[in-house]
Amino acid sequence: MIHPTAEVQSINIGLNTFIWQFCVVLEGATIGDGCNINSHVFIENDVIIGNNVTVKSGVQLWDGLRVSDHVFIGPNVTFTNDMVPRSKSYPTSFLQTKICKGASIGANATIIAGNEIGAYAFIGAGSLITKNIPDNTIWYGNPAHHKGYITNKGILLDLDYKDKNGLKHKLKDD
Amino acid sequence: MIHPTAEVQSINIGLNTFIWQFCVVLEGATIGDGCNINSHVFIENDVIIGNNVTVKSGVQLWDGLRVSDHVFIGPNVTFTNDMVPRSKSYPTSFLQTKICKGASIGANATIIAGNEIGAYAFIGAGSLITKNIPDNTIWYGNPAHHKGYITNKGILLDLDYKDKNGLKHKLKDD
Amino acid sequence: MIHPTAEVQSINIGLNTFIWQFCVVLEGATIGDGCNINSHVFIENDVIIGNNVTVKSGVQLWDGLRVSDHVFIGPNVTFTNDMVPRSKSYPTSFLQTKICKGASIGANATIIAGNEIGAYAFIGAGSLITKNIPDNTIWYGNPAHHKGYITNKGILLDLDYKDKNGLKHKLKDD
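Protein chains in written order, with our numbering: chain L, 1141 to 1314; chain P, 1141 to 1314; chain G, 1141 to 1314.
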């Protein structure tokens, strides 16, 4: 379903994907099945989005972004693709930023270009990400630091892999 | 006044409320009288907004938000309603976030779900709010800390209740 | 080129300036030549923008903003024009914020009203700017601190004016 107020130039939009009000999707973008692209989102050309991805409102996905299946991108999350932007001066190629399977990026976080957010990792709201984030880790702050672990299903663990009841967990096989 | 480019599905919009360009207001939302909803705002269903509220551009008000009278929400302020969001996985109910009478939330602040912003409190621009904020207090930083007090009318006070001229104030009766 | 979905009320738009989808430009605004105003941008009345300026998506330029030539404003960058905003209470005049020639403001940064960003200065993504920023300096953090220098052409230097290879540079004459 593409909302009539959205401007979707791409024909590579998967089945059962919703693109809501006032979105812009440029011609070269690819979006998988079962995605939910909330209102006021902008998606540039060199962007590939997997299946069952959620992009909340106010997000822009710039050239160079690769978003795997089941990723959650919170509202007003902001990406970059150029380390030293100057007006009207374009790099020969943009940095690639990769968001791996099942990762969640909290509201209003900022992601510096060229980094990779690992599978099922969790970035806290309002954080600034300046480096690669390993799988199943929790990071937050400005700049963000490693604060704990998270299972694929979303159970929060401290740096000793213990949940809030003191129980140890494995990350991948829950 | 509802701008013709806005998509307002709710019929519960008060008198003398302005809803500007490219806003989306879902069917279940309630908005009081004399509000000013700037461009590019998204308001979900389970949202109740009082009278004389200002919401600047680029804000989303998600299910679970309760906004009292005379609240100011700055541009690109970002709310959440789920502590551990995962794509396509929905909590049984969303956390409620309450913004009390006369509070002001500065530009681009991020508010973690489930917290209450007290009456006439003032959240500085760019802050991250992770806890309940008492009435008439000033908080800023990422995460935000308690930095001072503010009278109902907006006079800034330090932690000793003194204004910039060293004069002590009461908070509520000015 | 003004995209048909944009609402541009001003007639003071320069040659070869692009204003993209779902932008709003109020009647009093002035925009120079060769600018690129990305989607979902709001520009108020008392705003003057020079030539060859880039404004990425999700930005609002409020009354009191002065933007010189060749400035880059990243996505979701957020400005303010009132130090203590209260709903329905308006200052007699808004604070002016000046962005000087060639400056670059990184993604999702927040700029406190009344400050000046110097020529060719570089504000890191996710930063909070609370003071005047001298020409050709690099600032980042929340709040932002002085972290280095940058030449007009965008070469990053440390606090000893050395680039990543240890070579000293002059700032202005490269």
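Backbone N, C-alpha and C fix where the C-beta goes; we use that ideal spot for every residue, glycine too. What you are looking at is a predicted structure, and each value in this text was computed from that prediction instead of being measured.
Contact belief for residue i with residue j at Cβ below 8 angstroms, rounded distance in angstroms
| i | j | result |
| --- | --- | --- |
| P:N1216 | P:V1199 | 7 angstroms |
| L:T1232 | L:N1221 | The pair is not a contact, with the Cβ atoms about 13 angstroms apart (cut-off 8 angstroms). |
| G:V1181 | L:S1227 | With 8 angstroms as the limit, G:V1181 and L:S1227 do not qualify as a contact, their Cβ atoms being about 14 angstroms apart. |
| G:N1191 | G:G1174 | 5 angstroms |
| G:N1152 | G:I1171 | 7 angstroms |
| G:N1178 | G:G1242 | About 19 angstroms separates the two Cβ atoms, so there is no contact after all. |
| P:L1268 | L:G1266 | 4 angstroms |
| G:P1274 | G:A1284 | About 12 angstroms separates the two Cβ atoms, so there is no contact after all. |
Of the residues the options, the one placed nearest residue i, counting alpha carbons only
| i | options | result |
| --- | --- | --- |
| G:I1183 | G:V1211, G:K1302, G:F1219, G:N1156 | G:F1219 |
| G:E1256 | G:R1226, G:R1206, G:I1151, G:P1283 | G:R1206 |
| P:V1302 | P:S1179, P:T1277, P:H1285 | Contrary to the premise, residue 1302 of chain P reads as Lys rather than Val in this sequence. The candidate whose alpha carbon is nearest that of P:K1302 is P:T1277. |
| L:D1203 | L:G1266, L:K1287, L:A1253, L:Y1260 | L:A1253 |
| P:D1209 | P:H1309, P:A1259, P:M1141 | P:A1259 |
| L:W1160 | P:M1141, P:V1165, P:I1213 | P:V1165 |
| G:I1245 | G:S1229, G:V1224, G:P1225, G:I1290 | G:I1290 |
| L:I1213 | L:A1284, L:D1275, L:G1264, L:G1288 | L:G1264 |
| L:V1195 | L:I1239, L:P1225, L:S1229, L:Y1230 | L:I1239 |
| P:S1197 | P:A1261, P:K1287, P:L1235, P:F1158 | P:F1158 |
| L:N1282 | L:Y1230, L:G1294, L:V1224, L:A1249 | L:A1249 |
| P:I1251 | P:F1234, P:F1262, P:T1270 | P:T1270 |
| P:G1168 | P:G1288, P:Q1149, P:K1304 | P:Q1149 |
| P:I1189 | P:A1247, P:A1261, P:G1154 | P:G1154 |
| L:M1223 | G:P1144, G:G1294, G:H1285 | G:G1294 |
Test: residue i CB closer than 8 angstroms to a CB of chain L
| i | result |
| --- | --- |
| G:A1265 | yes |
| P:P1144 | no |
| G:H1180 | yes |
| P:F1234 | no |
| G:S1197 | yes |
| P:V1148 | no |
| G:Q1200 | no |
| G:T1194 | yes |
| P:V1164 | yes |
Assigned secondary structure, residue i (DSSP; H/G/I helix, E/B strand, else coil)
| i | result |
| --- | --- |
| G:L1297 | strand |
| L:L1155 | coil |
| G:N1176 | strand |
| G:S1229 | strand |
| P:S1208 | coil |
| L:K1304 | coil |
| P:I1252 | coil |
| G:Y1260 | coil |
| L:V1199 | coil |
| G:S1244 | strand |
| P:K1287 | strand |
| G:V1148 | strand |
| G:F1234 | coil |
| P:L1268 | strand |
| G:V1224 | coil |
| P:F1182 | strand |
| P:V1217 | coil |
| L:V1165 | strand |
Residue i at chain G interface by Cβ criterion, 8 angstroms
| i | result |
| --- | --- |
| L:K1228 | yes |
| P:V1211 | yes |
| L:I1252 | yes |
| P:N1276 | no |
| L:N1327 | Nothing in the structure corresponds to residue 1327 of chain L, since chain L is present only between 1141 and 1314. |
| P:G1154 | no |
| P:L1296 | yes |
Minimum Cβ-Cβ distance from residue i to chain P less than 8 angstroms
| i | result |
| --- | --- |
| G:T1220 | yes |
| G:P1225 | yes |
| L:A1259 | no |
| G:N1255 | no |
| G:N1282 | yes |
| G:N1185 | no |
| G:L1268 | yes |
Interface flag, residue i vs chain C, CB-CB below 8 angstroms
| i | result |
| --- | --- |
| G:F1262 | Of the chains in the structure shown, none is chain C; the protein chains are L, P and G. |
Contact test: residue i Cβ vs the ligand FAD heavy atom, cutoff 7 angstroms
| i | result |
| --- | --- |
| L:C1163 | The ligand FAD is not part of the structure shown, which contains no ligands of any sort. |
Bounding residues of the beta strand (DSSP E) (the contiguous stretch that carries residue i)
| i | result |
| --- | --- |
| P:T1277 | 1277 to 1280 |
| P:T1237 | 1237 to 1239 |
| G:V1187 | 1187 to 1189 |
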